[in-house]
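Structure first, commentary second.
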Amino acid sequence: MFSKISYYRNNFYILSGTHIIILDSNANELKRINHELEVVFIKYNYLIDRNKCLYKLENLNLKFICTIKKMISNMFKDNEDIYLVDRFGDIYKIYESTVVFVCGNMCFTTGILIYNDHIISSDKYGRIKIYHKIHKKILNYLFLFNSPITSLDMNKNFIIASEINGNIKVLDLKNMNELTSHKIEDIKILKKIIVLNKKLMVLCDKGTFVFEIDVNGKLIFLKKYDFEMIDSIMENNNLLFIDIDNMLWFNDIKVLETIQSTDDYIGFLNY
């Protein structure tokens with residue numbers, strides 16, 4: 096899954112070529128950090144550049160951690176532990192100045208979540224695998240879709256997975272049973288889902304949809320933005336997004352005219 100916008104400790108972080116743009120939570124102050132290479136992935140306060148160098152962002156400084164062997168597809172924070180998964184299915188834990196191997200998937204992995212003692216991953220073949228975090232054993236397989244799971248997210252009650260053609264499935268977090276399914280019509284590509292407590296944002300090629308997730312896992316339509324977003328994040332009811340013309344918006348206010356960004360939601364599946 097691609098990630099070009101992040102939120103950490105009252106700041107938004109936006110990737111723009113070789114720059115990391117820092118915007119405070121009220122969009123009042125904007126700063127930039129320069130890097131010698133293009134930064135291709137950011138989540139929380141961790142980022143990766145084109146040479147697969149992993150950094151931690153501390154204040155306005157980039158702290159080098161290590162160089163990873165393969166480009167990552169996703170990252171997940173479990174309390175104070177950060178886990179990452181590369182495109183070939185290996186799962187690692189960041190530990191001080193290196194990454195430690197946890198377990199492997201043996202296939203292109205698109206997402207990772209952690210719940211209690213379980214590591215939950217999604218892959219290019221529409222499957223979810225559940226590992227024991229300590230023993231590293233595979234506990235269960237779930238066959239959700241016939242095409243890649245492009246996005247995987249969760250809140251305290253549900254896991255939500257999506258495939259590229261607009262299908263979304265909601266699973267019970269505790270027992271992994273499928274509760275509901277939803278199809279977004281009249282789109283070609285579902286790029287990404289973002290769970291925001293009881294709300295779900297769905298980024299598509301024909302616009303962005305917002306749903307409420309009810310107590311039974313049913314998705315209730317709330318609104319649609321009739322324009323395409325490259326990436327988006329919502330915090331404290333504020334929406335920050337990059338539109339398809341590479342403009343950065345904070346709610347309905349244009350913050351920057353041009354972000355050096357590419358809409359590569361299909362490209363990440365082709366490695």
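Heads up, our numbering is the position in the sequence shown plus 95, with the first residue counted as 1.
Even for Gly, the Cβ is constructed at its ideal location relative to N, Cα and C.
Small disclaimer: the values here were computed from a predicted structure and weren't measured.
Can you list, in chain order, the residues of its chain whose CB lies under 7 Å from that of Asn346, leaving out five sequence neighbours each side?
Asn333 and Leu334
Would you say Tyr320 reaches chain D, if we count a Cβ-Cβ gap shorter than 8 Å as a contact?
No chain D is present in this structure, which holds just one protein chain.
Expressed to the nearest angstrom, what Euclidean distance is found between the alpha-carbon atoms of Leu157 and Gly261?
37 Å
Ends of the beta strand (DSSP E) at Arg127?
Leu125 to Asn129
Applying the criterion that 16 or more other CB atoms from any shown protein chain within 10 Å of the CB defines a buried residue, is Thr193 buried or exposed?
exposed
Does the beta-carbon of Asn169 have 16 or more other beta-carbons within 10 angstroms, so that it is buried, or is it exposed?
buried
What residue range is occupied by the uninterrupted beta strand (DSSP E) comprising Arg222?
Arg222 to His227
Kindly indicate which residue of Phe238, Val135, Asn250 and Tyr141 has the alpha-carbon position closest to the one of Ile288.
Asn250
Can you give me the Cβ contacts of Phe183 inside the same chain, cut-off strictly under 7 Å, excluding the 5 residues immediately before and after it?
Lys165 and Phe203, listed in sequence order.
Assigned secondary structure, His51 (DSSP; H/G/I helix, E/B strand, else coil):
Residue 51 lies beyond the stretch modelled for the chain, which goes from 96 to 366, so this question has no answer here.
Give me, in chain order, the residues of the same chain whose beta-carbon lies closer than 6 Å to that of Ser120; leave out the 5 immediate sequence neighbours on both sides.
Closer than 6 Å at Cβ, skipping near neighbours: Asn105.
Can you list, in chain order, the residues of its chain whose CB lies under 6 Å from that of Leu142, leaving out five sequence neighbours each side?
Once the five neighbours on either side are set aside, the close Cβ partners of Leu142 are Val134 and Tyr150.
For the beta strand (DSSP E) holding Val290, just list the boundary residues, first then last.
Leu285 to Leu291
Spatial distance of Ile186 from Lys264 (CA atoms)
Rounded to the nearest angstrom, the gap between the Cα atoms of Ile186 and Lys264 is 24 Å.
Just how far apart, CA to CA, sit Ile348 and Lys319?
18 Å
Where Thr353 and Ile109 are concerned, what is the direct C-alpha to C-alpha distance, given to the nearest angstrom?
Within the model, the alpha-carbon separation for Thr353 versus Ile109 is close to 12 Å.
How far does the beta strand (DSSP E) with Met329 in it reach, from first residue to last?
Met324 to Glu330
Within the same chain, show all residues whose beta-carbon is closer than 7 Å to that of Val195, passing over the 5 residues directly before and after it, in chain order.
Tyr187 and Lys188
At the level of alpha carbons, what is the spacing between Thr162 and Asp176?
Cα atoms of Thr162 and Asp176: separation of roughly 19 Å, rounded to the nearest angstrom.
Local conformation of Asn106 per DSSP, three classes
strand
Mapping the DSSP letters down to three states, classify Tyr141 as helix, strand or coil.
Strand at Tyr141.
In whole angstroms, what is the alpha-carbon distance linking Arg222 and Asn123?
43 Å
Could you check how far apart the C-beta atoms of Glu273 and Gly302 are, in whole angstroms? I think they sit under 8 Å.
At roughly 26 Å, the Cβ-Cβ gap does not stay under 8 Å, so Glu273 and Gly302 are not in contact.
On the DSSP letters alone, give me the boundaries of the beta strand (DSSP E) that Phe253 sits inside.
Phe253 to Glu258
The beta strand (DSSP E) spanning Phe304 covers which residue range?
Gly302 to Ile308
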